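Single-structure report; data block below.
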Amino acid sequence: MTREPFITRPLSLWLDLVRALAAFVVLVGHAYQNGLYTGPYPFTIALQLNAVVVFFVLSGLVIASSSQREGTSLGSYAAARIARIVPTALLALAMSYGVGLLAQAHGVSAVPIGMDDGNVSWERTLLSAAFLNESLSTGLAINPPFWSLCYEVWFYALYGAGLFLTGGKRLAWLALMALVAGANVLLLLPAWLAGVWLVRSPWVLTITPARGPVYIVLALTALLSFRRIAPPLEKLLGELTWWDLGHSHYALAYILIAACIALGFAGLRAVLGDQAGRIARYSGPIKQAADMSFTLYVLHWPLLILLRIAGVSSGSNVLLFALLLGGVAAVCWLVSKLVEQRRQGLRTALERLFTLRGAALTA
2 MTREPFITRP LSLWLDLVRA LAAFVVLVGH AYQNGLYTGP YPFTIALQLN AVVVFFVLSG
62 LVIASSSQRE GTSLGSYAAA RIARIVPTAL LALAMSYGVG LLAQAHGVSA VPIGMDDGNV
122 SWERTLLSAA FLNESLSTGL AINPPFWSLC YEVWFYALYG AGLFLTGGKR LAWLALMALV
182 AGANVLLLLP AWLAGVWLVR SPWVLTITPA RGPVYIVLAL TALLSFRRIA PPLEKLLGEL
242 TWWDLGHSHY ALAYILIAAC IALGFAGLRA VLGDQAGRIA RYSGPIKQAA DMSFTLYVLH
302 WPLLILLRIA GVSSGSNVLL FALLLGGVAA VCWLVSKLVE QRRQGLRTAL ERLFTLRGAA
362 LTA
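Residue numbers (the working numbering): 2 to 364.
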């Protein structure tokens, strides 16, 4: 028997809204971090870190849901992931590298982060183009947000191998990819699998509308508690490991928060039922904002650096800051439209290329 899908039509719209808001939250946090706004700011870096955890859960949820569709094969799965990720990611890296060189020439240094020396590095850029930067190194000054994509792509690969391969081939490919991905990527895999769990667990479908708000509150509480729970869990993980954790130093906190977020999505599904509520009237703009969220995430950093090179800042003017953010979002929207128009053709070509190879691997 085919189980009821987790993502209902009303929930899909709300997930789109969450995805769009998470991307914008990252933009706001990094714009402030880059000094484009110097007025009162009530948030910490936990704001954008929470957004990344939300992205991980959403990604696992969406990938697991789409891979369950009838007719999905290893070839079509790989083609969909590559067509979705690679063109935009490579464009973002190329732009980031060019902007990084321009920034160096103008004496504009990268905003320092703990696991990066702040230099423009073609070696790290190439590693990131192969999604290996967080496996063989860590930190990318020209585009720090790219770290999570170097994790996520390996989550896709591991899940695809586990789902579509069988027997010894499955074990061999999982072992090989786990070895290449590295310990830090594997540490955060459970956070991504929290989204997969929503799709595969029958229990989440039994949550009643009356109990749903409890899980929503739990998720919100976890997000607000990041600053309290992250430091002690970071210390604990540091005591249990002996290697450079890179961006996985908050792995235990991320996993805990991801579990709560997953429960929150389950609660939201129960509360919504078959009605999306008042936001249904804004479904068009919400969908467009969600569709550009990936482009906004990987492209906003070099755009912010360009503004720094040009000496643009809103100072303490909140309205001007909002206009700057809107301008960055508008550029990303335009880029997403240009790239999206060509994605389907690439996906179709890749499906033709991979279908025979996928059939051979699963035989």
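Note that beta-carbon positions come from the ideal geometry of N, C-alpha and C, so glycine has one too.
The structure presented is a predicted model; accordingly, all values stated were derived computationally and were not measured.
Residue i versus residue j: straight-line alpha-carbon distance, rounded
| i | j | result |
| --- | --- | --- |
| threonine 126 | proline 214 | 44 Å |
| leucine 128 | leucine 137 | 8 Å |
| leucine 180 | tyrosine 98 | 28 Å |
| arginine 4 | proline 203 | 8 Å |
| threonine 242 | phenylalanine 227 | 21 Å |
| alanine 254 | valine 109 | 34 Å |
| arginine 212 | tyrosine 42 | 35 Å |
| arginine 279 | glycine 328 | 28 Å |
| alanine 281 | leucine 14 | 8 Å |
| leucine 362 | glutamate 341 | Only weak support is given to the placement of leucine 362: the predicted model assigns it a pLDDT of 46, under 50, and the value that follows is read from those uncertain coordinates. Leucine 362 and glutamate 341: Cα-Cα distance of roughly 30 Å. |
| alanine 291 | tryptophan 302 | 18 Å |
| aspartate 275 | valine 218 | 21 Å |
| valine 55 | leucine 347 | 28 Å |
| alanine 106 | valine 313 | 17 Å |
| leucine 221 | alanine 93 | 32 Å |
| leucine 308 | proline 286 | 26 Å |
| valine 63 | leucine 12 | 12 Å |
| leucine 28 | tryptophan 334 | 13 Å |
Given residue i as reference, the closest of the options once Cα atoms are compared
| i | options | result |
| --- | --- | --- |
| arginine 270 | Thr209, Trp244, Thr356 | Thr209 |
| alanine 252 | Leu264, Ala267, Lys236, Leu103 | Lys236 |
| tyrosine 216 | His107, Leu264, Ser68 | Leu264 |
| alanine 47 | Tyr283, Ala81, Ile258, Val319 | Ile258 |
| phenylalanine 367 | Ala184, Trp244, Lys170 | Not covered by the structure: residue 367. The range shown for the chain is 2 to 364. |
| alanine 311 | Cys333, Val100, Ile64 | Val100 |
| leucine 351 | Ser66, Ile83, Arg10 | Ile83 |
| phenylalanine 57 | Ser317, Gly268, Ala260, Lys338 | Ala260 |
| leucine 150 | Phe165, Ile8, Leu133 | Leu133 |
| threonine 39 | Gly239, Leu339, Val319 | Val319 |
Residue i in three-state terms, based on DSSP
| i | result |
| --- | --- |
| glycine 99 | helix |
| alanine 65 | helix |
| leucine 133 | coil |
| serine 314 | coil |
| phenylalanine 44 | coil |
| glycine 39 | In the sequence on display, residue 39 carries threonine and not glycine. Threonine 39 falls in the coil class under three-state DSSP. |
| proline 232 | helix |
| glutamate 5 | coil |
Integer-rounded CB distance, given that residue j should sit under 8 Å from residue i
| i | j | result |
| --- | --- | --- |
| leucine 175 | alanine 192 | That pair is no contact at about 18 Å. |
| serine 37 | leucine 325 | This sequence places leucine at residue 37; serine is not what is there. Sure, about 6 Å apart at Cβ, within 8 Å. |
| proline 146 | tyrosine 33 | With 8 Å as the limit, proline 146 and tyrosine 33 do not qualify as a contact, their Cβ atoms being about 14 Å apart. |
| glycine 196 | glycine 61 | 3 Å |
| arginine 85 | arginine 353 | Wrong, their Cβ atoms sit about 17 Å apart, outside the cutoff. |
| valine 200 | tyrosine 152 | With a Cβ gap of about 20 Å, valine 200 and tyrosine 152 do not count as contacting. |
| alanine 111 | glycine 119 | 5 Å |
Near the ligand ATP: residue i beta-carbon under 8 Å from a heavy atom
| i | result |
| --- | --- |
| arginine 270 | As presented, the structure is devoid of all ligands, the ligand ATP included, so that no description of it is given. |
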